[in-house]
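> Before I ask anything, here is the structure I am working with.
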Amino acid sequence: MDEELKMGSDRELLPYLKEMIKIRCFEEKILEIYSQGQIAGMCHVCIGQEAAAAGACAAITGNDFIVSTHRGHGHLLAKGGDPRTMMAELFGKATGCCKGRGGSMHVIDVSLGHLGANGIVGAGIPMACGVALSIKYRNSGQVVLSFFGDGATNQGVFHESLNMAALWSLPVIFVCENNHYAVSTNISKACPTPDVADKADGYGMAKTVVDGMDVLAVHEAVCKAVQNARKGKGPAFIECKTYNFQGHGTSNDRPYRTQEEENKWRQKCPIKNFKERLIKDKLITDDEYQKIVTETAAMLDEAVKFAQESPWPDPASAGQYVFCE
Amino acid sequence: MKKNEMQNIDYKTALNQALSEEMERDQNVFIMGEDVGVLGGAFRVTKGLLGKFGPNRIIDTPLSESAIIGYALGAAISGLRPVAEIMFIDFTSVCMDQIINQVAKIRYMSGGQVKVPLVIRTPGGFAKSWAAQHSQSWESFFCHIPGLKVVMPATPYDAKGLLKSAIREDNPVMFIEHKLLYNVAGDVPDEEYTVPLGMAQVKRAGADLTIITYSQMALLSLEAAEILAREGKDVEVIDLRTLAPLDIETVLNSVKKTGRAIIVEEGHKKVGMGAEISSTITEQAFDYLDAPVKRVAALDIPAPFSKVLEDRVRPKLEDILEAARDIIG
């Protein structure tokens, strides 16, 4: 087995669990304070989808890039995002990662190689490819992960982007988090093939369909794709079959799916199952797990406090950052 | 400047020189677009650059405007300085999300974390019977969007100097050329020069009337000014050169002097550049006006195919003359 993959499979497993717990707790905290009216605007949480962000981002280095989506908190956290500046951004405060200009749908931290979330579905895909073009142009050996959902694969620019990425063998990995719904529309009503990944066939691109609720499965698939991309073998398409427990936005009104379906997917919860596996393998005790959750919750309470106590941006500065001076 | 220090070249050659010089100057500058390689672009602006710089820097793309702009944006925020070509301005509607929601806004939405050194070159304006989807002037669309700079040169000199500045600019620039200007020649210095963005130029000084215009209409307006001079009417012609940011100071200073203003543009009159400039003059120089501001523009009708219909819709020399005679009296 290749060295990188070997490292991946032998690596201590606890960080995956901690990463997923951090994302879950962050998102649950967002729902809590959103319902209290503490934050405004739109929020799309990724509860249930944590394995994709955690597994994929663990397959790249700090020097690599990701481009994210409207459901992007988890991606930024998994890339090393600071929960305090993210929380402050969601509050619209001056200390936010975008200084209050972006909000939930536009969190970004360029210093971490995170080049943006996006309020337009699919629009980040060509940007990710452009970053890959830049990597190839500069021969820098980096890779890009382009995250998007199943809905994005029905946008024209998705197809344009995959076509050119395959044509030019760009170092980009397309990570599709198929959570089975574009708002209320089930993927079965939007995609004629059994797997979304089948769309990669048209571009002669390597594809893998993985259990997106299994962080190690995601990690392994992305590791392989990253390895190939670094060797100049071009892009790959990885479909992570997953589920968003909360539904599209912050609303609990989900008439488009059944309780039975939701319960079935909740049984596949990526955190619960991974925790049970680690307990079974005696890598962690339930007490230790509870301790991680408690510590994470405390860390997020501190992030909320930081956001609450942070100053608002100066209204007179609204025009700052439209242009470079 | 001495005659031997100038070269007489056409607009497309001036643009080609600007691209070539900037690519030599900076390894991070590259070109992508449809047919920009072996063909040299639909209007041959990139002719010869493939041979000079190779396929890694002169990138022929599939027919995918959204991906062209999105890829260029990704390259721009990760260290390169792309020049993307969209074959006709009419085709920017296909990639409008990338231009308006992404290119123009990513710096702002990120709180200033990224720079977007990206030039989008595209030709606009009427040609000859190219009909409704290849004759449009959409500069007012782009001027409406915060985060974009909009440049529209009228002469080879300005075309070369402004394109060089646009490529060195760290903000996105819509660089709108004109199909009917590509073969128009003019004097351009042999030596290196740039023309700064955001500065209008008084192309002809006059005392009775200010014509505010840009791109091909600037040449038509200068022609009109010569005819009007023979009638004893002294017309000042301002070529805006950059529409966003607008050099309103040069416009207002002129209008305060002449007391009369006509805005000549090739776009539709309704909600166009003329409306914007006219209202700004009214807001800021009303007391200096001797007559209501006039607009000469295309009719609010799609560009027709038939020559006689097209002539009816597009702004012409006679329209400028008529407006000038009317306003001066």
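Chain order of the listed sequences is A and B. Read left to right, the first sequence gives residues 1 to 325 (my numbering). Read left to right, the second sequence gives residues 1 to 329 (my numbering). Every residue gets a Cβ at the ideal spot worked out from N, C-alpha and C, and that includes glycine. If you're wondering where the values come from, they're calculated on a predicted model, not measured in any experiment.
1. Do B/Ile-248 and B/Lys-294 have their CB atoms nearer than 8 Å?
2. Going by the beta-carbon positions, is the gap between A/Ser-169 and A/Gly-130 smaller than 8 Å?
3. Please look up how many angstroms separate the CB atoms of A/Leu-145 and A/Ile-23, rounded, as I've assumed it's under 8 Å.
4. Cutting at 7 Å between CB atoms, please list the residues of its own chain near A/Asp-314, excluding the five before and the five after it.
5. Under three-state DSSP, which class holds B/His-144?
6. Please confirm whether B/Asp-170 has its beta-carbon closer than 8 Å to some beta-carbon of chain A.
7. With 8 Å set as the bound, which would you pick, yes or no: does the beta-carbon of B/Thr-280 sit closer than that to a beta-carbon of chain A?
8. By Cβ distance, which residues of its chain are closer than 6 Å to A/Ala-206, with the 5 residues on each side in sequence left out?
9. Per the DSSP calculation, B/Lys-294 is bridged to which residue(s)?
10. CA-CA distance, B/Lys-115 and B/Val-103?
11. Residues of chain B with CB under 9 Å from A/Asn-163, in chain order?
12. Look at the alpha carbon of B/Pro-82 and the alpha carbon of A/Lys-18, and state the distance between them as a whole number of angstroms.
13. In chain A, which residues lie less than 7 Å from B/Val-108 when you measure between Cβ atoms?
14. When you compare only the Cα positions, how much space is there between B/Gln-17 and A/Glu-32?
15. Assign A/Ser-188 to buried or exposed, taking buried as 16 or more other Cβ atoms, counted over all protein chains shown, within 10 Å of its Cβ.
16. What residues from the stretch 102–126 of chain B come within 7 Å of chain A, judged by C-beta to C-beta, listed N to C?
17. Does chain B have any CB closer than 8 Å to the CB of A/Glu-4?
18. Please check the pair B/Ala-303 and B/Gln-136, which I expect to be a contact at CB under 8 Å, by giving their CB distance rounded to whole angstroms.
19. What does the Cβ neighbour count give for A/His-44, buried or exposed, with the cut at 16 atoms within 10 Å?
20. Output yes if chain B places a C-beta closer than 8 Å to the C-beta of A/Pro-315; else output no.
21. Excluding the five sequence neighbours on either side, which residues of its own chain have a C-beta within less than 8 Å of the C-beta of A/Asn-63, listed in chain order?
22. Exposed or buried, A/Asn-263, counting other C-beta atoms within 10 Å across all chains shown (16 or more means buried)?
23. Nearest-angstrom Cα distance between B/Ser-93 and A/Met-213?
24. Do A/Thr-153 and A/Lys-199 come within 8 Å of each other at the CB atom, strictly closer than that value?
25. Nearest chain B C-beta to A/Gly-8 closer than 8 Å, yes or no?
26. What is the rounded straight-line gap between the Cα of B/Ala-72 and the Cα of B/Arg-121?
27. Classify B/Arg-107 as buried or exposed, calling it buried when 16 or more other Cβ atoms lie within 10 Å of its own Cβ.
28. Given that a residue counts as buried once 16 or more other Cβ atoms are within 10 Å of its Cβ, and exposed if not, what is A/Lys-272?
29. Which stretch, first to last residue, makes up the alpha helix (DSSP H) that contains B/Val-313?
30. Residues of chain D with a CB under 7 Å from the CB of B/Leu-73: which are they?
31. Could you list which residues in chain A have their beta carbon closer than 7 Å to that of B/Ile-77, in chain order?
32. Are there 16 or more other CB atoms within 10 angstroms of the CB of B/Asp-287, so buried, or fewer, so exposed?
33. Please report whether the beta-carbon of A/Glu-160 lies at a distance below 8 Å from any beta-carbon of chain B.
34. Count Cβ pairs between the stretch 87–101 of chain B and the stretch 124–138 of chain B that sit closer than 8 Å; are there 3 or more?
35. Checking contacts by CB at 8 Å: is A/Cys-97 closer than that to chain B?
36. What are the boundary residues of the beta strand (DSSP E) that B/Val-110 is part of?
Quick answer:
1. In this structure, B/Lys-294 does not lie closer than 8 Å to B/Ile-248 by Cβ.
2. Taking 8 Å as the Cβ cut-off, A/Ser-169 and A/Gly-130 do not qualify as a contacting pair.
3. Contact doesn't hold; Cβ gap of about 16 Å is too wide.
4. Listed in chain order, the non-local C-beta contacts of A/Asp-314 below 7 Å within the same chain number zero, local neighbours out to five positions each way being set aside.
5. The three-state reading of DSSP puts B/His-144 in coil, since its state is none of H, G, I, E or B.
6. It does: the Cβ of B/Asp-170 has a partner Cβ on chain A nearer than 8 Å.
7. So no, B/Thr-280 is outside the interface.
8. Within the same chain, A/Ala-206 has close Cβ partners Ala-236.
9. B/Ile-262, per the DSSP bridge assignment.
10. As the crow flies, the alpha-carbon of B/Lys-115 is around 10 Å from that of B/Val-103.
11. In chain order: Pro-62, Ser-64 and Ala-67.
12. Near 40 Å, if we compare the C-alpha coordinates of A/Lys-18 and B/Pro-82.
13. Reading the sequence as shown, one finds Tyr at residue 108 of chain B and not Val. Neighbours of B/Tyr-108 on chain A, chain order: Arg-101, Tyr-321 and Val-322.
14. Rounded to the nearest angstrom, the gap between the Cα atoms of B/Gln-17 and A/Glu-32 is 59 Å.
15. Burial call: exposed.
16. Residues Gln-102, Ile-106, Arg-107, Tyr-108, Met-109, Ser-110, Gly-111, Gly-112, Gln-113, Val-114 and Lys-115.
17. With a pLDDT of only 43 at A/Glu-4, under the threshold of 50, the placement of this residue in the model should not be trusted; the figure read from the coordinates follows. Taking CB atoms only, A/Glu-4 has no neighbour in chain B less than 8 Å away.
18. Confirmed, about 7 Å.
19. Its Cβ being crowded by 16 or more others within 10 Å, A/His-44 is buried.
20. The C-beta of A/Pro-315 comes no closer than 8 Å to any C-beta of chain B.
21. The beta carbon of A/Asn-63 is closer than 8 Å to those of Gly-113 and Gln-142 in its chain, skipping five residues each way along the sequence.
22. With fewer than 16 Cβ atoms within 10 Å of its Cβ, A/Asn-263 is classed as exposed.
23. For the pair B/Ser-93 and A/Met-213, the Cα-to-Cα distance works out to about 39 Å.
24. Their beta carbons are under 8 Å apart, which means A/Lys-199 touches A/Thr-153 by this criterion.
25. Residue confidence for A/Gly-8 is low, a pLDDT of 44 falling below 50, so the modelled location carries little weight and cannot support an answer.
26. Approximately 12 Å between the Cα atoms of the pair.
27. B/Arg-107 is buried by the Cβ-count criterion.
28. Result: exposed.
29. 307–313 is the extent of the alpha helix (DSSP H) around B/Val-313.
30. Absence of chain D from the displayed structure is noted, the protein chains being A and B.
31. The contacting residues are Leu-115.
32. Exposed is the call here.
33. Yes, because at least one Cβ of chain B sits closer than 8 Å to the Cβ of A/Glu-160.
34. With the cut-off at 8 Å, the stretch 87–101 of chain B and the stretch 124–138 of chain B touch.
35. At least one chain B Cβ lies under 8 Å of A/Cys-97.
36. Residue identity check: residue 110 of chain B is Ser in the sequence provided, not Val. First-last for B/Ser-110: undefined, no H or E at that position.
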